[in-house]
Structure formats: C-alpha cells, structure tokens
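Numbering (our numbering), first residue to last: 922 to 1231.
We put the CB at the ideal spot given by N, CA and C, even for glycine.
A short worksheet on the structure shown next.
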Amino acid sequence: MSDWERIFQMFTSKLNSKDAPVNVVILGLDGAGKTTLLNYFVEGQATETIPTAGTNHRRMKIKSLEINLIDLGGRKAFRRFWIKSIQKSSFIIFVIDAAARERVTEANEALNMALSHFPGELPVLILLNKQDLPGAASMAEIMKRLDLSGLQERDWQVEEISAIQGNGVKRAFEWIKKVISYHHDTPAPFIPKDIIIFDRRGVPVVIKSHVFKEGRLAAGFLSAINSFVKAVAHDQLTSINMGKNKVLFIHREQLTGAIIISVDDGEKRAMDLLSLLMDEIIINGLENAEKTLSKFIMEKILDSKVSQDV
C-alpha cells in the first residue's frame, strides 16, 4: 500500500463509511459525569449511576447513521486502556468536572494523552460539566488553564453543561449531530491509484505507485509504449486500458505525467488533477518534485472539499 493511500484510508475510513457505525468515545477523569451524560444523551434524562470500572456501551441513531457511544472509566489505573478505543473512534467527547478546580491540570494531561492517540483531523467536544453546583469554574477560567495545542487543525468545541439537570446538553448534542452528519454526508475524495511523472527518456521524476509494484520499471515501460505509439501513429499517447485500471497521460514540455485510475472513475477529474500537479512541479522545479507531490496529495487530493472543486 502506498503512503498516500494509507493516509487517505486513515482519514476516510473513520468518517465516510456508509455502513459501519460511528464510534464516539466519552472520556474524562473519574467523577466527571461521563455516565450521567451518556444516559442523558440516550434517554433524555439523568439517571442514577455508579463509578464506571470498565466501559459502558449505548447505541443510538442520528438520521440513518448508527452511533456507538462508549463511556470509559476515568480512574488513573484505567486510562491506559483508553488508547485502543480512541484509535477505533471517530469522535471524542471529553468531560471536565468544572466544580473540581484542583483536578483541572490532571484533566488537561489526560486530554492531551488522549489526543496524542487520536488522528489529527477528527473532531473533539470538551464539556465543562457540573455547572449547576455553586462555585463551579466558568469556561473563561478553565480555558486559561488548558493547553489546547492538540486541538489545532481539528473541528472542536467547548460547552458548559449540567448533565444532571440537562442544561447545555441539547446544544452540545446538536453540535455532535452537525459534525458527524457533515463528515458522513461529505463524498469521499477522488483518489488515483498511481501517479508517475517521468522525462522523455523514461527516467522517473517522482513516483507514488501501488498498481505498479516497481515504479521505476513502470516509468520506463510507459515511456516505451508512448514512444512506440508516437513512432507508429505520429501522435502522443493519451490513455491505455490495463484490465480494471486505466492509464491517462499528459505531456508537458519535457515531462510526461501518468495517472492510474479505476476504469469506473471519471477521466476529467483525473486529468484536471494531473495537469495541476504537473504545473506545480514545473513551477517549483524538478529538484523539489517529491515535496511538491507530497504537499499536493495532502492539499488537493485528501482535502475532500478542494478535490470536489477541482
């Protein structure tokens, strides 16, 4: 599997699967009110709870989407067991006891530990619970004490709530629904199988290859086919079919670009991507081709909004 396919799979498998349930993990220190919140989400009211020693699982639906809510015990001895659930989840809800000022630093450490195991593009909701209690810290006070650097580049939100009374819970839940529905309904970005840029001698300039197990041999092979077609038909090769795959070519100055797609994928979209990539490689210089391609993959291919516009 190529590097960029692996990155893409991590990005999309979490949120864009139309069949698999979405896992939402509820984290926080012991006594923060996680189970009370879970019950309020599912039943619409608070119920009596006992400290969670392992996990609580509840299931609900948002539109047609199945949501698995996973409440994990927050005692220090249990936190190392969070990691596996975090890595299988699409969304983190982190609950902080706003009435326990003395534990805010500990809560922040637990939050950052969780974020370190959670892919950087996935959403996080921080809930400052127990606002019904006298003397509970305000959002402004707690925010000053939190290191939120791990939330950069994410969708994230902070809300004040009382899980026992329900204050603020509906607003928090509406944000969860909005974010999950957006990610689930957003079409997955178009992902070519291979991109190979080579010069007219068949020497590869840059390669991201999966269909062709040996990219350098592929560049020479495609160059030879192109030269044969040009000699026989006096024209440049534009496409060839290879079983379930199709190779599309663009010729630009001294370079030839090949993009390998499924025969079911749209050619125009693929050709537009390849043309844009070749322009950027020429502008940035061949010596920077690898860096240009890596940046292009992240910004123009893995970003579904951009790729839908290309």
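Exposed or buried, what is residue i when buried is set at 16 or more other beta-carbons lying within 10 Å of its beta-carbon?
i: Asn-960; result: buried
i: Ile-1171; result: buried
i: Ala-1058; result: buried
i: Asp-1185; result: exposed
i: Met-1163; result: exposed
i: Val-1124; result: exposed
Measure from the alpha carbon of residue i to the alpha carbon of each residue in the options, then state which is nearest.
i: Glu-1080; options: Glu-1074, Ile-1063 and Lys-1005; result: Ile-1063
i: Gln-1157; options: Gly-1164, Ala-1179 and Met-1163; result: Ala-1179
i: Gln-1078; options: Asp-1053, Gly-1087 and Leu-1049; result: Leu-1049
i: Ala-1035; options: Gln-1008, Ile-983, Ala-967 and Thr-957; result: Gln-1008
i: Gly-954; options: Thr-1213, Ile-1204 and Val-1090; result: Val-1090
i: Asp-1018; options: Met-1060, Asn-989 and Val-946; result: Met-1060
i: Leu-1194; options: Pro-1113, Arg-1022 and Leu-950; result: Pro-1113
i: Arg-1121; options: Thr-1177, Pro-1055 and Asn-1029; result: Thr-1177
i: Phe-1039; options: Phe-1119, Gln-1052, Arg-1024 and Ser-1006; result: Ser-1006
I need the straight-line Cα distance from residue i to residue j, nearest angstrom please.
i: Thr-1026; j: Ser-1102; result: 33 angstroms
i: Ile-996; j: Phe-1015; result: Note on identity: in this sequence residue 996 is Arg, with Ile being the wrong assignment. Taking the straight line from one Cα to the other gives about 14 angstroms.
i: Asp-1230; j: Lys-1065; result: Since pLDDT at Asp-1230 reaches only 39, below the 50 mark, its modelled position is unreliable, and no value is offered.
Would you mind stating whether residue i and residue j have Cβ atoms separated by less than 8 angstroms?
i: Val-1045; j: Ile-1097; result: no
i: Ile-1116; j: Ala-967; result: no
i: Val-943; j: Leu-993; result: no
i: Ser-1183; j: Asn-1166; result: yes
i: Lys-991; j: Ile-947; result: As written in the sequence, residue 991 is Ile, which differs from the Lys given in the question. Yes.
i: Val-1127; j: Leu-1072; result: no
i: Ile-1203; j: Arg-1173; result: yes
i: Asn-977; j: Val-945; result: no
i: Lys-1051; j: Ala-1020; result: yes
Is residue i near the ligand NAD, in the sense that its beta carbon is under 7 angstroms from a heavy atom of that ligand?
i: Gln-1175; result: This structure lacks the ligand NAD, and indeed carries no ligand of any kind.
Would you verify that the beta carbon of residue i is, or is not, closer than 8 angstroms to some beta carbon of chain C?
i: Pro-1125; result: Annotation note: the requested chain C is absent from the structure, which comprises a single protein chain.
Next item on the list: Can you check the region 935 to 996 for any beta strand (DSSP E) of at least 3 residues that lies completely inside it and give the ranges in chain order?
Entry: 943 to 949, 976 to 983 and 986 to 993
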